[in-house]
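Working notes, beginning with the structure itself.
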Amino acid sequence: MSEPVLALEGLTVTFGSARGTARVVDGVDWAVHPGQTLAVVGESGSGKSMTVLSATGLAPRGAKVTGTVRLLGEELTAMSDADRRRARGRHIGFVYQDPMTSLNPVMTVGRQVSEACEEHLGMSKQEGRKRAVELLGLVGIPSPEERVDNYPHQFSGGMRQRVVIAMALANEPEVLIADEATTALDVTTQAQILELVAGLQERLGTAVVWITHDLGVVAGIADRVVVMYGGRIIEQGKVDDLFADPAHPYTQALLAARPQPGVRADRLLTIAGTPPLPTELPPGCAFWPRCPVRGDARCEHEEPPLVEVAPGHEVRSFYRADPAVTEERSA
Amino acid sequence: MTTTGSTESTATDVVARVTDLRVHFPVGRGSVVHAVDGVSLDVRRGETLGLVGESGSGKSTTGLALLRLVHVTSGTVEVAGQDVTTWSRRQVKPLRRRVAMVFQDPSASLDPRLTIGASIAEPLAVHGLRGSKAERRERVGELLDLVGLRPDMADRHPHEMSGGQRQRVGIARALAGEPDLLVLDEPIASLDLSVQAQIMNLLRRLQEELGLTYLFISHDLAAVEHMSDRVAVMYLGRIVETGTPEQIYRNPAHPYTAALLSAVPTADPARERERRRITLHGDIPSPVDPPSGCRFRTRCPAARPDCAEKDPDLYQVEEGHRAACLYKVEAVREMRAGADRATG
Amino acid sequence: MSVTEPNAEHAGPAPTPHVSERGRVWAALRRNKPALAGLFILAVLVVAGALGPLLAPYGINEVDADHLFQGPSRDHPFGTDDAGRDVFSRVLVAARVSLLVGLVSVGIALLVGVTIGLVAGYYRGVVDNVLMRCMDVLFAFPVLLLAVAIVAVLGRGLVTAMVAIGVVYTPIFARVTRASVLSVREQVFVTAAVSTGASDWRIMRRHVLPNIAAPLIVQTSLSLAFAILSEAALSFLGLGIQPPQPSWGRMLYDGRGYVQDAWWMGLFPGLAIFLVVLAFNIVGDALRDVLDPRQLTKDEARRTA
C-alpha cells in the first residue's frame, strides 16, 4: 500500500485540572492513505474530535499532546508552530459541523474561498476569484459566478456546508478532515453532501478522515473504521469486517441500539448508563462499568490490549467477544 | 382537506384532532412564514402517531398547536372532542394538563435554578393536583421511579445529571398531570446513540403500563418507524403521506417519502454500496413563498408541468394509506426507474 | 447485552457531587483578594451603621468651644471641626445615613425598576414600548438635575433624597432587567413552563426572576456605590440631609472652606465616601465574574465530543 498521508502514533492528550489529570485521548494510532476514507466513530466524550484537533496542532489551550503525527511523511509534532500552521494550511482541509462557525458573516463567500488560495498558493486577487468561482462550481453551487459575491446568510444550510467544503478544498489538500460535517443537516441534504465528497475524492484522490457518531454514514463512505470510547481505540478494521463481525461488546451494542429498518422489535437492546466523562474514567477497561459481557476478571483493573482478531481487524479486549455468548448473557 | 384518519374512527377514541390547520408567522416587511399550511390529522387513544419531516416541515409547530403554544391562523384544534382553537387563556390551562410536552434538549428545557423535584412538581402545583408539599413530594418520588430514576435524585439540579437522566426528568414532568396525550418533540435527537435506545424503550414501556397516547415528532426515520403505529410525513407545512409504518416504509407512495427513505443511511456497508439513492436536487424552498401547486414539485424528479397548477389532495393508496401526489404511485415508480438507470 | 431495565440509569456513573450555588460563589470570592478587602470595608460600614452612635467617643453635636479646628490627635483621631465637634464620631455616625439612603433608594429603584423591566420584557409589544420610553425620558435627564428637580417639588430632607435617588436609578434597573428577561424568556425551559399551564405571574416569579438574579445582584452592588455618592453630592449641595444631622457629603461641604487650615474636616468624610464607593464597585465586579452564567454549567465538558 502507498505511504499514508496522515499517520498518528501513540497520540495522547491530557488536561491537568484541580481534580487530577484527564486523559482525553490515550495512545491512539491510525493512518489514512491517499484516496481512502477513514471513519472515526464514537459518542460524546470519546475523544474522537480531540484526536484530530490535537494531531493537527489545534488542541485547546492547556492540552498536553504527546505522540507522533506524520503528515506526508514529515513529523508534524517536531515542527515549529509556524511550520505546522503552514503545513496544515497547505495540506489539510477542515469541514466542521456548523458551517456558520467556519464562515465569516461579513465577508462574501468568494473572498473567503479565494483568501486561502492567495495565502497558501500565492495567487493574485484575480486568480483567487477565478479559482473561487471554479471551486464553488465544483461543490455544486448553481451559478457560481453570481453566488461568489453573496454573503453566508444568503445561503441555505446545505449550500453553506458546500461553501465550507469549497474553502477546505481551496489548496487542493491531501487530507480532508470532516468533523460531524453532516450532523446538522437534513437527511436529503446529507445525502447530497456525502455524494459530493465521494465524487470529489474519486476525482482528486483526497484522503478523508470522517469523524461521526452516525454508523449509517460510516457504512456508506468508509474504507476503514476506528471506534473510540473513553479516549481509546476499542476496535478498528475494514468497514465490512467491522460491521459484519463486530468484536467489541461496545461496537456490538452500538450497532444493536439503532432500530433496524423493517424490523419492529419490541425493545431495543441498550447499554446501561451513559458515556463516561474524561475526568471520571474508571480504572481498567473504560467500558467495563457499562459492559454487558465483562468476560474477564482483569477487565476491572487492567486495561485490555488491542489484539488482532482477523487480518487488519483489531479489538481492545481480553477475550474475543462472541456474539452468541453476548446474547446469552444478556438474556 | 380530508382527514388522515380512517372515517370510522369515532369521537371517543380520538384524543386530538387537527383540521386544516394553518399557522403563519409574520417575519417583518410583510413576509409571512407558512409554517403549517393545511394540516389535518387525528391522534387516537393509545397509539403513537409518528410525525416525520425535515427542518422547516412544520412538524414541531403542529405539535405546539395542540397545546395552543402557537397562534393558530385558521383551522381547528380539537382535544378530547372539544374545539380548543379559540379557548381563552383561562380555558387553555386545563388543556395543558390534558396535553403535555417533552422537548428536544433536556438541558435547555429544565430550569437550571430549580431542583429536578421542583421541575417535576410544577404541573402538580399549577393544577393544584396534590394539595400539600408532602403529597407532592411523594408523587415526585413515584414519577422518578416510574422513569427509572432514584426518588432521592429529586434534590439534584439538572447540571448534576447526564443527558439521558435529564430527558427522563423531562418525561416525568410531562407525566405529572396524567395527560391524555404526550407531544414528544424530537425527544431523542440530542442524546448519545446508546442513550437514545434507553429513552425509546422507556417511552414504549410507559405507554404499555399507563396506556399513553403519543405524538412522536422526529426527523429520524428509523426511530419513527420503531416507535409509531401510524406515520405522517410532512413537507413544507403539509402532510404528504400517511399510513402504517409498513405501508410507508415498504411501499412509499409519495416521491418525497421515497426520496427521504432512500437518503437514510443504514449501518450495513454491503447494502449501502448497492443502494439506489434518489438524490433530490436543491434545497427545501422557503416557507415564506412556497411553490404553487404541489409543494414538492421543485425538487421532485418525477414532476410534470401540471404539478405546478394543481395542489394535490391526499388520495387513498390502500386502506389506511394516503398520499398527496397527482400521479399516484406512478411517480414513485418512475423515480425508482430513474435511480436504477443512474446507478445501473 | 441487556434490555433496559426500568432502573438502567441507576447503574450510571456517579454524578458530580452536589455543590451548592452559594458555596461556589463564596469559594470563588474568597480567592479574590480585592473582593475580600471590599467585603471587609463593607462589613466595617455595616457595623458603623448599626452601632455608630454607641461606638462614637463623642456626641455628634457635642460642641466644644475650647477645641475648635484641632488636628488629629489621640483624643480626636480625625480632629475637630469649626464647632469643636469630633470629626471621627460624626463620620462614624454618618455611616448610618449613607447606608440607609443607599439601601432605601436602591431598594426603591430595584423594586420599581425590576417590576417595570420584568413586565416590559415579558410581555413585549406595546406594554414594552410605553414603559421603556418612559424610562428613556427619565434616563435622559442628568442625574443630579433630576434629583434637584424632585427635591424642589418635595422639599429637602432625608426622605426626599432617598426618593430622588431611587427615581434616578429606576431606569437603570428597568433596562438591566428587561434585557435579561428578553433573553431568559426565549429559553426552552420557559416554553416548557408555559406548556404545563403555568400562569404568567408564576413563570415570572419562579423561572424568570431567579434566572436574572445574577445581573441584578451585580447592578445592585454598583448602584449602592453610586447612590451613596449621589447622597453625598445632594448633601454637599445642601439638598439632602439637613444639619445638624451629620452626613459625609455635608461634612465635605462644610470642610471646603478650611482646606488649608483644617484639611481633616474634608479629608476624612471624603475618604469614607471614596472607600465605600470603591468597596461596592470591587465587590460588584467580583460578583459579576463569579456569577457569570457561563460558569454555571459544568456540563459543558460533556458536550465536547
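Chains as they are written, first to last, in the working numbering: chain A, 263 to 593; chain B, -19 to 324; chain C, 1163 to 1467. Just so it is clear, CB atoms sit at the ideal spot from N, CA and C, and this is done for glycine as well.
Between residue i and chain B, is there a C-beta pair that is closer than 9 Å?
i                 : result
Arg529 (chain A)  : yes
Arg1286 (chain C) : no
Pro1372 (chain C) : yes
Glu590 (chain A)  : With a pLDDT of 46 at Glu590 (chain A), under the threshold of 50, the modelled position of that residue is not reliable, and the figure given next carries that caveat. No - not a single Cβ of chain B is within 9 Å of the one on Glu590 (chain A).
Gln522 (chain A)  : yes
Glu457 (chain A)  : yes
Ala269 (chain A)  : no
Val501 (chain A)  : yes
Thr451 (chain A)  : yes
Ile496 (chain A)  : no
Ala1355 (chain C) : yes
Gln423 (chain A)  : no
Leu334 (chain A)  : no
Quick one: measure Cβ to Cβ for residue i and residue j, integer angstroms, because I've assumed they're closer than 8 Å.
i                 : j                 : result
Ser208 (chain B)  : Leu29 (chain B)   : 6 Å
Gln374 (chain A)  : Met429 (chain A)  : 6 Å
Ala1323 (chain C) : Ile1403 (chain C) : 7 Å
Leu1300 (chain C) : Thr1332 (chain C) : 7 Å
Val395 (chain A)  : Ile427 (chain A)  : The pair is not a contact, with the Cβ atoms about 15 Å apart (cut-off 8 Å).
Could you check whether the Cβ of residue i sits closer than 9 Å to any Cβ belonging to chain A?
i                : result
Arg136 (chain B) : no
Val127 (chain B) : no
Gly143 (chain B) : yes
Pro131 (chain B) : no
Thr278 (chain B) : no
Glu252 (chain B) : yes
Met315 (chain B) : no
Within the same chain, show all residues whose beta-carbon is closer than 7 Å to that of residue i, passing over the 5 residues directly before and after it, in chain order.
i                 : result
Pro537 (chain A)  : Glu305, Ser306, Gly307, Ser308
Val1445 (chain C) : Ala1197, Gly1200, Leu1201, Leu1204, Ser1383
Gly191 (chain B)  : Gly26
Gly1411 (chain C) : Glu1393, Ala1394, Ala1395, Leu1396, Ser1397, Phe1398, Gly1402
Ser592 (chain A)  : A caution first: Ser592 (chain A) carries a pLDDT of 46, below 50, which makes its placement in the model unreliable, though a value can still be read off. Closer than 7 Å at the Cβ level, and outside the excluded window around Ser592 (chain A), lie Pro554.
Asp340 (chain B)  : Outside the modelled stretch of chain B, which goes from -19 to 324, sits residue 340 (chain B), for which no answer is possible.
Val1346 (chain C) : Val1352, Val1370, Asn1373, Ile1374
Cys102 (chain B)  : It is Glu, not Cys, that sits at residue 102 (chain B) in the sequence shown. Excluding sequence neighbours, Glu102 (chain B) sits near Arg153.
Gly1432 (chain C) : Leu1414
Cβ of residue i less than 9 Å from any chain C Cβ?
i                : result
His234 (chain B) : no
Asp293 (chain B) : no
Lys39 (chain B)  : no
Lys308 (chain B) : no
His107 (chain B) : yes
Could you name the residues that DSSP lists as bridge partners for residue i?
i                 : result
Trp292 (chain A)  : A:Leu270
Tyr215 (chain B)  : B:Arg218
Phe356 (chain A)  : A:Ile439
Arg302 (chain B)  : B:Thr222, B:Gln296
Ala572 (chain A)  : A:His575
Glu497 (chain A)  : A:Val489, A:Val577
Lys1195 (chain C) : DSSP output for Lys1195 (chain C) lists no bridge partner at all.
His4 (chain B)    : B:His14
Could you pull out every residue in the same chain whose Cβ sits closer than 6 Å to the Cβ of residue i, ignoring the five residues on either side in sequence?
i                 : result
Glu260 (chain B)  : Looking at the sequence provided, one finds Leu at residue 260 (chain B) rather than Glu. Excluding positions up to five away in sequence, the list reads Ala239, Arg279.
Ala293 (chain A)  : Pro266, Ala269
Val297 (chain B)  : Ala233, Ala303
Ala534 (chain A)  : Arg552
Gly278 (chain A)  : none
Gln1116 (chain C) : This structure cannot settle anything about residue 1116 (chain C), because the visible part of chain C is limited to 1163 through 1467.
Val120 (chain B)  : Gly97, Ile100, Ala101, Ala134
What does a CB cutoff of less than 8 Å around residue i pick up in its chain, not counting 5 residues either side in sequence?
i                : result
Met214 (chain B) : Val19, Leu31, Val32, Gly33, Ser37, Gly38, Lys39, Thr42, Val220
His107 (chain B) : Lys73, Pro74, Arg77, Gly157
Pro435 (chain A) : Arg352, His353, Ile354, Gly355, Thr468
Asp503 (chain A) : Ala572, Gly574, His575
Any heavy atom of the ligand SAM closer than 8 Å to the Cβ of residue i?
i                : result
Glu542 (chain A) : As far as ligands go, the structure on display features none, and thus does not contain the ligand SAM.
(request) Output the residue ranges of the alpha helix (DSSP H) runs that lie fully inside the segment 1237 to 1292 of chain C and measure 4 residues or longer, sorted by chain position. (result) Runs found: 1249 to 1285.
(request) Kindly provide the ranges of any alpha helix (DSSP H) runs that are 4 or more residues long and lie completely inside the segment 375 to 457 of chain A, ordered along the chain. (result) DSSP runs (the alpha helix (DSSP H)) wholly in the segment 375 to 457 of chain A: 387 to 400, 406 to 409, 419 to 431.
(request) Please go through the segment 163 to 208 of chain B and give each complete beta strand (DSSP E) segment of 3 or more residues, from N-terminal end onward. (result) Runs of the beta strand (DSSP E) inside the segment 163 to 208 of chain B: 193 to 198.
(request) Can you check the segment 37 to 91 of chain B for any alpha helix (DSSP H) of at least 4 residues that lies completely inside it and give the ranges in chain order? (result) Restricted to the segment 37 to 91 of chain B, the alpha helix (DSSP H) segments that are unbroken, complete and at least 4 residues in length are 39 to 46, 69 to 78, 86 to 89, listed in chain order.
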